[in-house]
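Under this note's numbering, the first residue of the sequence shown is numbered 1, with each subsequent residue one higher. Ideal placement from N, C-alpha and C gives every residue a C-beta, glycine not left out. See below for the structure under consideration.
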Amino acid sequence: MERVVKSGTGWRVGWNPSATQYQALIGTDDWAIELTSAEFNDFCRLSLQLAESIAQIAQELMDEEKISCEAESDLLWMEVTGYPHAYSLRFILHTGRGVEGSWTPQAVPSLIQAVQMIQVF
Numbered sequence: 001m002e003r004v005v006k007s008g009t010g011w012r013v014g015w016n017p018s019a020t021q022y023q024a025l026i027g028t029d030d031w032a033i034e035l036t037s038a039e040f041n042d043f044c045r046l047s048l049q050l051a052e053s054i055a056q057i058a059q060e061l062m063d064e065e066k067i068s069c070e071a072e073s074d075l076l077w078m079e080v081t082g083y084p085h086a087y088s089l090r091f092i093l094h095t096g097r098g099v100e101g102s103w104t105p106q107a108v109p110s111l112i113q114a115v116q117m118i119q120v121f
């Protein structure tokens, strides 16, 4: 498998399994951070978990109700905030590099889709 970088309006995600320290990249048009394989695996798992939680909770909400949902591992904290059909995604890395980032509601659906596929290529 070789290096893969996917991007769209407001998001970027990449995977390079042959890199020695940082195998993944996440970011937007304005910033990016490289992640270790373990950090990226947690990022993928938690972002998908949050997307699934929002989809399940959506059935219980009225159209105008907003929601906020968090998930955390030893390596990072993540949060989604907004409406079930349009929510932002935010993370804080716990591994000593002091990184925080977020994506707009417009970028999140494509980012989530890319995260599901990036390590498959």
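Buried versus exposed, by CB contacts within 10 Å (16 or more), residue i
i	result
L61	exposed
R12	buried
A51	buried
A86	exposed
Alpha carbon of residue i to alpha carbon of residue j, nearest angstrom
i	j	result
S37	I92	16 Å
T95	Q49	21 Å
A107	D29	11 Å
Y22	S73	18 Å
G8	P105	13 Å
A19	E65	43 Å
L76	C69	14 Å
R97	W103	19 Å
P202	K6	Residue 202 falls outside the range modelled here, since the chain spans only 1 to 121, and no answer is possible.
Candidates the options: closest to residue i by CA position
i	options	result
M117	T9, V99 and W15	W15
C44	E100, Y87, A71 and A19	A71
L82	A55, R97, G27 and V5	Note on residue identity: the sequence assigns Gly, not Leu, to residue 82. For G82, the nearest C-alpha among the options comes from A55.
V99	R12, W11, E39 and T20	E39
C-beta neighbour in chain D for residue i, strict 8 Å
i	result
T36	Protein chains in the displayed structure number just one, and chain D is not present.
Residue i - DSSP class collapsed to helix/strand/coil
i	result
V99	coil
S37	helix
M78	strand
V108	helix
R3	coil
S88	strand
Cβ-based neighbour list, residue i, same chain, cut-off 7 Å, excluding 5 preceding and 5 following
i	result
S47	M78, L89, I112 and V115
Proximal residues to residue i (C-beta, below 8 Å), its chain only, five neighbours per side dropped
i	result
G101	I26, G27, T28, W31, I33, R90 and F91
V4	G14, W15, N16, I118 and F121
Same chain, Cβ closer than 6 Å to residue i, neighbours up to 5 away in sequence not counted
i	result
D42	S73, L75 and L76
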